[in-house]
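Enquirer: In this note's numbering, the protein residues as written are 64 to 325.
Beta carbons are placed, not taken as given, at the ideal position from N, Cα and C, and that holds for glycine.
One structure, pasted below without further comment.
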C-alpha cells in the first residue's frame, strides 16, 4: 500500500482532459454505498427511530428504559470501527430482549423509502466520474444495494449513462449486513460476465467486503475513508491503496492511463 492521497479538486469540469485511446482500457468497479452515496444520515436516523420505537414499546407495558441516545459523531465512529449494532444498542442503555427488539426495528426501517431519501451523493463524485469517463476508463457499479435502487438513484442524479454495468443484489436486504461472501460472489459473477483483464481492473470500495472480494479475485483495490470504515480499520485489510474519497482515487487512477503511442 502506498499511502493516503488528498489531491485538490479541479477548478472546472470543462478543464477535464479529453477521452484518449487506450491499448488496454482500464476498468474501475465501484461500490455504491460509501464511495458514491453518503448513507451516514440514513443509518443514524434509523438508529434514532429504532431507539425511540423500542423505548415506546416498553413504556406501553409500564417499563421505563434508561436510554442514552448517542450523538451522530459517536454513532458513526462506532460504525466506522465496525462495532456491531447489538453493542451500539448496549452502549445506548438497552439490555437483553430490548436489544433484540431494537435490532428488529433497525432491519425493518433502514430501507424504508422515507429514510432512503436521507442518502446524499458524496462530495466530488460528479467530478470524479467525469474525470474517469473522460480518460476512457470503463466504469461499473458492483454493490450489495438492491440493483433497482442503485439504478434509480444514479438515474435521478443523471449519472447512470456513465456506467457500462450496474450490478446489484436482487433484494433490498443485502446491503445493510454487508456480507463479505455475498460481495465475493457478486464480484466474481461480474468479472466472469464482462471479461475484464485483472491487471487492468481496480475495485473501489469502503468496507472489508469490498477489499476482501477484490483480493480474492486478484485485482487491485482502493479503500475509501469517506464511507463506513475508518482509515485505521481499513489499513488492517492491506488494500492496494487508501484514499479519502472517490475524487482523490480518480486523480490517481487517471494518472495511470496512457495514450497509445503512434
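Alpha carbon to alpha carbon, how far is residue 158 from residue 190? Give it in angstroms, no decimals.
Expert: Using only the alpha carbons, I get a separation of about 46 Å.
Enquirer: Can you say whether residue 229 is buried or exposed, counting buried as having 16 or more other CB atoms within 10 angstroms of its CB?
Expert: Buried: at least 16 other Cβ atoms inside 10 Å.
Enquirer: Taking the alpha-carbon positions, what's the residue 85 to residue 132 distance?
Expert: Bear in mind that the predicted position of residue 85 carries a pLDDT of just 44, short of 50, making it too unreliable to give a figure here.
Enquirer: Classify residue 256: buried if its beta carbon has 16 or more other beta carbons within 10 angstroms, exposed otherwise.
Expert: Under this definition residue 256 is an exposed residue.
Enquirer: Which residues mark the beginning and the end of the beta strand (DSSP E) in which residue 286 is found?
Expert: Residues 283–287.
Enquirer: Is residue 76 buried or exposed, if buried means 16 or more other CB atoms sit within 10 Å of its CB?
Expert: Note that residue 76 scores 40 on pLDDT, short of 50, meaning its location in the model is unreliable; the coordinates nonetheless yield the value given after this. The residue is exposed, with fewer than 16 neighbouring Cβ atoms inside 10 Å.
Enquirer: Are the region 198–207 and the region 139–151 touching by the rule of at least three beta carbon pairs closer than 8 Å?
Expert: No: fewer than three Cβ pairs fall under 8 Å.
Enquirer: Below 8 Å, can you find three or more Cβ-Cβ pairs linking the region 269–276 to the region 102–113?
Expert: With a cut-off of 8 Å, the region 102–113 and the region 269–276 do not count as touching, because too few Cβ pairs lie within range.
Enquirer: What are the start and end residues of the beta strand (DSSP E) that includes residue 203?
Expert: Where residue 203 is concerned, the enclosing beta strand (DSSP E) stretches over 201–209.
Enquirer: Considering only DSSP beta bridges, list what residue 93 is partnered with.
Expert: Bridge partners of residue 93: 204 and 267.
Enquirer: Among the candidates 270, 254 and 197, whose CA atom is the shortest distance from the CA of residue 225?
Expert: Residue 197 is the option with its Cα nearest to residue 225.
Enquirer: I need the straight-line Cα distance from residue 317 to residue 150, nearest angstrom please.
Expert: Each residue's Cα considered, the two are about 41 Å apart.
Enquirer: Going by alpha carbons, who is nearest to residue 138 out of 293, 307, 303 and 309?
Expert: Comparing Cα positions, the closest option is 293.
Enquirer: Contact defined as beta carbons within less than 8 Å: I believe residue 209 pairs with residue 245. What is the distance between those atoms, to the nearest angstrom?
Expert: No, residue 209 and residue 245 are not in contact; Cβ-Cβ is about 13 Å, not under 8 Å.
Enquirer: Closer than 8 Å by C-beta to residue 140: which residues in its own chain qualify, once you throw out the five before and the five after it? Chain order, please.
Expert: Excluding residues within five positions, the ones whose Cβ falls inside 8 Å are 293.
Enquirer: For residue 109 and residue 93, I'd like the C-alpha separation in whole angstroms.
Expert: Their backbone Cα atoms lie some 25 Å apart in a straight line.
Enquirer: In three-state terms, what does DSSP make of residue 231?
Expert: Note: residue 231 maps to strand in three-state DSSP.
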